[in-house]
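Asks: Everything in the sequence shown is counted per our numbering, starting at 5 for the first residue and increasing by one.
Using N, Cα and C, we set each Cβ at its ideal position, and we do this for glycine too.
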Amino acid sequence: MTLIKPGDSQWRDLLSKGAKALGQAPDENALEKCAAFARLLAQANNRVNLTSIRDPQDMAVKHFADSLAPIPYLPEGAKVADIGSGAGFPGLVLAIFRPDLQVVSIETIRKKANFQRHAALELGLSNVKIYNIRAENWKTEGEKGLLFDAVVCRALSDLSAILSWACPMLAPKGRIIAMKGPKGAQELDELDKSPLNNPPLKARVEEYSLPIEKAKRSLVIFS
Numbered sequence: 005m006t007l008i009k010p011g012d013s014q015w016r017d018l019l020s021k022g023a024k025a026l027g028q029a030p031d032e033n034a035l036e037k038c039a040a041f042a043r044l045l046a047q048a049n050n051r052v053n054l055t056s057i058r059d060p061q062d063m064a065v066k067h068f069a070d071s072l073a074p075i076p077y078l079p080e081g082a083k084v085a086d087i088g089s090g091a092g093f094p095g096l097v098l099a100i101f102r103p104d105l106q107v108v109s110i111e112t113i114r115k116k117a118n119f120q121r122h123a124a125l126e127l128g129l130s131n132v133k134i135y136n137i138r139a140e141n142w143k144t145e146g147e148k149g150l151l152f153d154a155v156v157c158r159a160l161s162d163l164s165a166i167l168s169w170a171c172p173m174l175a176p177k178g179r180i181i182a183m184k185g186p187k188g189a190q191e192l193d194e195l196d197k198s199p200l201n202n203p204p205l206k207a208r209v210e211e212y213s214l215p216i217e218k219a220k221r222s223l224v225i226f227s
């Protein structure tokens, strides 16, 4: 059995299949940048713990392919915030696959934010900015006056906390996309809906399966 290595041709093929399973048609430039990103992450992860997902196949599916799930819900040219972005998922992957987006990646852990800055520079991503701050401090420590068409987060916290952080960051008619596991609908049912009144937001759940391994995931979308 041939072992897959981060960013090699088999890894790229795996990501390409995963992307197509999620309705995306990756071009060679996007695949090459993701492959380079994967190599950078694997190298950095040997020195400092950035992610617990180290297996190359899991990395391709659970980090890179999964990061593509919000794409159909992001308007053309949108300003997108990724809060609690970790090592750059989904924010940097969204910036790679959608060069039209202006992505702001917000991460509280310095070593992860620093890695993202390094990766964005190495990959030539001019449409992404990284902030080493807490999401709730965006208005005082972030880019003054900047509000977002979409706020995305992945495996971050409960919906109540996500709403408290994301709502103040939204532009008029903006949306929040919370990337959840298989129980997104249940979590939404249990949510105190009062924060949805300011600004007024309606919620829906879009379910999907991770490509290859078919694990259930969901997007809880407030718009």
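Who are the Cβ neighbours of residue 233 in its own chain at under 8 Å, not counting the five residues just before and after it?
Replies: A query on residue 233 cannot be resolved here, the shown segment of the chain reaching from 5 to 227 and no further.
Asks: Out of 160, 16 and 196, which one is the CA nearest neighbour of residue 43?
Replies: Counting from one through the sequence shown, the residue named residue 43 turns up at place 39. Out of 160, 16 and 196, 16 has the C-alpha closest to the C-alpha of residue 43.
Asks: Using a 10 Å radius around the Cβ and a threshold of 16 neighbouring Cβ atoms, would you call residue 99 buried or exposed?
Replies: As a working note, residue 99 is residue 95 in the sequence shown. It is buried - the Cβ of residue 99 has at least 16 other Cβ atoms within 10 Å.
Asks: When burial is assigned at 16 or more other CB atoms within 10 Å of the CB, is residue 144 buried or exposed?
Replies: Taking the first residue of the sequence shown as 1, we reach residue 144 at position 140. So residue 144 ends up on the exposed side.
Asks: Straight-line CA distance for residue 41 to residue 102?
Replies: Residue 41 sits at position 37 when you count from the first residue of the sequence shown. Residue 102 sits at position 98 when you count from the first residue of the sequence shown. Straight-line Cα distance between these residues: approximately 15 Å.
Asks: Taking the alpha helix (DSSP H) that residue 213 belongs to, which residues open and close that run?
Replies: Here residue 213 corresponds to residue number 209 of the sequence shown, with the count starting at 1. Segment 207 to 213 is the beta strand (DSSP E) holding residue 213; no alpha helix (DSSP H) there.
Asks: Which of the three DSSP states, helix, strand or coil, is assigned to residue 20?
Replies: The sequence position of residue 20 within the sequence shown is 16, counting from 1. Correct three-state label for residue 20: helix.
Asks: Hey, would you say residue 75 sits closer than 8 Å to residue 66, going by beta carbons?
Replies: Numbered from its first residue, the sequence shown carries residue 75 at position 71. Numbered from its first residue, the sequence shown carries residue 66 at position 62. No, the Cβ-Cβ distance between residue 75 and residue 66 is not below 8 Å.
Asks: Does DSSP put residue 216 in a helix, a strand or coil?
Replies: Translated into the one-based positions of the sequence shown, residue 216 becomes position 212. Three-state DSSP puts residue 216 in coil, outside helix and strand.
Asks: I'd like the span of the alpha helix (DSSP H) that includes residue 153, first residue to last.
Replies: Position 149 of the sequence shown holds residue 153. Residue 153 -> not in any alpha helix (DSSP H); beta strand (DSSP E) instead, spanning 152 to 158.
Asks: Would you report the Cα separation of residue 193 and residue 183, rounded to the nearest angstrom?
Replies: For the purposes of this step, residue 193 is identified with residue 189 of the sequence shown, where counting begins at 1. For the purposes of this step, residue 183 is identified with residue 179 of the sequence shown, where counting begins at 1. Each residue's alpha carbon lies about 16 Å from the other.
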